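Going by my numbering, the letters in the sequence shown line up with residues 358 to 865, in that order.
Built from N, CA and C at the ideal position, the CB exists for glycine as well.
On a predicted model such as this, the values are computed, not experimentally measured, just so you know.
Down below is the structure, laid out as structure tokens.
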Amino acid sequence: MKLTFYQIYYHLKKKYDARRISCNPCKIQVERPVYYRDGQDCRGHMVLIPNEELMKIRQDSALWKDCIFICFGEVDDIFCRIDTDLLVLDDRIPREQILNDLQEIFQYFEEAGQSVTEVFMENQDFGELMECFGKIFETPLALMDANFSYVSLADKEGRFANGFMNENSALPMHVVSQIISDPAYLRSITLTGVYTYTLEQVTFLCRNLFSEGRFIGKLMAVSCTSPLNNEYHKDLLLMASGYVERMYERFGAFHMADRSLDSLHELLRLRLKGSSVPAERVRSALGNLSWSEQDVYYLIQMRPSYRYDKSLYDKYLCPQMEQQWKDTCCVAHNDSLMVLLNGSRLHMTDFQPELAYFLRENLLAAGISRKFRGFDGIQTAFKQTDIALELGMRKDATPWYFRFDDYALDYILTHGRGEFEPEQICAPGILVLREHDEKIHTEYYKTLYCYLQCRYNAALTAKKLFIHRSTFLNRLERIHELIQMDLEDFRSRLYLSVSFYILEEEKQ
């Protein structure tokens, strides 16, 4: 195994007062140490050499560029001006002792290299690979993807967990907001060498990772106060990044679960554009997640809140949402985030409080569609989210999300039915009654319709329905439970009246 100057010097410095006299401008790697012998080819090695022999090497010799030298005692000042890596140790140190210590340094790294080889041979993942790196890194190390999510850590001290990680194993939202608004960050992800980046007053050594020229993430090590320590870890980052990129090429992703959503992402984008998708592909994509076309779905559109001048960083937000809520599929569409929520697995009533917090933290506003079944309803749901956002942000200044059901009446009064089917625009409560009647063979739809026609007169309604007044009142109580609307509220009455009108017209 070949090592760099700093990989050797860092560990040698722990035991000896080694002085670096000169340095090679080219970062070279060398093999195990050898004693210098005149006439013997020692290029590409760590070379222990007597001072007098060092003086004999011609200035145009390739050894200066290809070797790292160690000599002992006083050295002529001329070597300070030669472009080579030259270390000087105390003349009293036995040469055999130095040779043995150097052999141990090489053995140390070869054992680490063997562990890495075993990870690849046994087809293990990034966690095991980072565990190998943790044996040679003496500062906390993290592997992060392009979306600010941690893939794996080698961090016994817990430095990353303390302020740089949320419950979803990603950078906290407020830290990401700082990063994406920093012009230096966008420039930094194009760099190919090791560079420093400061977050929350902590400096990190970073090495970007690429696959087919595309930025896929980075390795980050906490910077130290010692320059030598940092130089050592820079060399380790360069070495480790090569292994990480090689493993990425093998798996095609950092997170193996990423692949299960790929098909659904593609189909959701197609439907949002208005393209048709084969039913078999839809069933297959939903089946990958154990979803069904019979499940209840909601579509949510998110945009930067009009109250803030903020760009939408979908590369971070989409995977964050999918990690935080497992029953979602999120894609970027135009200038919005579109989230498909499986309401059969994650109920909207449980989801809304968490959604409000997510929107507030990211300064976003959202429009929520009416619930629907099957992939064919996505285009209609998309229109509903547009309407909810447009009317909601115009009429209500404070909420972070707007439900289409809360603004459907406003839309009807301005546009009528528009392009919507009755089931897509009418009061949801009436639709619940109609569905209930079909299943249980009740007459709640007819009862409420008659109640509206009788101007909410209970006695007259009971008379027209040929039922006892107490029977009607029992029905009305059950209707209240089903429709979840306040019949004393003017807007609710108006919405019900308009909805009944649309539904009855549809029958004719």
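Asked: Among Phe732, Phe729, Gly731 and Ala723, the one whose alpha carbon lies nearest that of Ala745; Found: Ala723
Asked: Beta bridge counterpart(s) of Pro661 as assigned by DSSP; Found: Leu721
Asked: Limits of the unbroken alpha helix (DSSP H) element including Ile836; Found: Arg826 to Ile840
Asked: Given 8 Å, three or more beta-carbon pairs between the stretch 736-744 and the stretch 671-686; Found: no
Asked: For Arg438, the nearest candidate out of Gly430, Gly401 and Cys380 (CA to CA); Found: Cys380
Asked: Backbone CA spacing between Gly775 and Leu766 [nearest angstrom]; Found: 12 Å
Asked: Of the listed residues Tyr714, Leu593 and Asn525, nearest to Pro756 (C-alpha basis); Found: Tyr714
Asked: Coil, strand or helix - Asp502 by DSSP; Found: strand
Asked: Exposure label - Ile360; buried when at least 16 CB within 10 Å; Found: For the sequence presented, residue 360 should be read as Leu rather than Ile. So Leu360 counts as buried.
Asked: Residues near Gln677 in its chain [Cβ-Cβ closer than 7 Å; skip 5 each side]; Found: Asn525 and Ala527
Asked: 7 Å Cβ cutoff met for Ser726 and Leu833; Found: no
Asked: Local conformation of Asn408 per DSSP, three classes; Found: helix
Asked: Contact set for Gln680: own chain, Cβ-Cβ below 6 Å, skip 5 residues either direction; Found: Asn525
Asked: Asp733 CB to nearest heavy atom of the ligand SAM below 6 Å; Found: This structure lacks the ligand SAM; in fact it carries no ligand of any kind.
Asked: Segments of 3+ residues assigned as beta strand (DSSP E) that fall wholly inside the stretch 677-709; Found: 685-690 and 693-699
Asked: Nearest-angstrom Cβ-Cβ length linking His590 and Phe466, presumed shorter than 8 Å; Found: Contact flag wrong, Cβ pair sits at about 14 Å.
Asked: Boundaries of the beta strand (DSSP E) in which Val445 is found, first to last residue; Found: Asp442 to Leu446
Asked: Local conformation of Cys489 per DSSP, three classes; Found: helix
Asked: For Phe490 and Ala518, believed in contact at Cβ under 8 Å, the rounded distance; Found: Incorrect: roughly 18 Å between the Cβ atoms, too far for contact.
Asked: Distance, Asp843 Cα to His825 Cα; Found: 24 Å
Asked: When Gln658, Ser633, Lys752 and Met604 are compared against Val473, the one with the closest alpha-carbon; Found: Met604
Asked: Straight-line Cα distance separating Met358 from Ser693; Found: 50 Å
Asked: DSSP beta-bridge partners of Leu562; Found: Thr553 and Ala578
Asked: Thr807 - containing alpha helix (DSSP H), residue span; Found: First, the residue type needs correcting, since residue 807 is Cys and not Thr in the sequence shown. Counting along the chain, the alpha helix (DSSP H) containing Cys807 begins and ends at Tyr801 to Gln810.
Asked: Cβ pair count under 8 Å reaching 3, the stretch 696-714 against the stretch 561-572; Found: no
Asked: DSSP state of Ile744 mapped onto helix, strand, coil; Found: helix
Asked: Helix, strand or coil at Ser418 [DSSP, three-state]; Found: coil
Asked: Of the residues Val789, Gln397, Ile414 and Gln386, the one placed nearest Asp423, counting alpha carbons only; Found: Gln386
Asked: In DSSP terms, what Ala816 is bridged to; Found: Bridge partners of Ala816: none, in fact.
Asked: N-terminal and C-terminal residue of the beta strand (DSSP E) that Gln460 is part of; Found: Looking at the DSSP string, Gln460 is not in any beta strand (DSSP E); the run it does join, the alpha helix (DSSP H), is Arg452 to Met478.
Asked: Whole-angstrom distance between Leu543 and Lys575, CA atom to CA atom; Found: 13 Å
Asked: Residues near Leu809 by beta carbon distance below 7 Å, same chain, minus five either side; Found: Leu853, Ser854 and Phe857
Asked: Glu792 versus Ile537, Ser545 and Ile836, residue with shortest Cα-Cα distance; Found: Ile836
Asked: Residue burial classification, Asp846 (beta-carbon count within 10 angstroms, cutoff 16); Found: exposed
Asked: Enclosing alpha helix (DSSP H) for Ala754 [first to last residue]; Found: Per DSSP, Ala754 belongs to no alpha helix (DSSP H) and is neither H nor E.
Asked: Whole-angstrom distance between Glu780 and Arg848, CA atom to CA atom; Found: 19 Å
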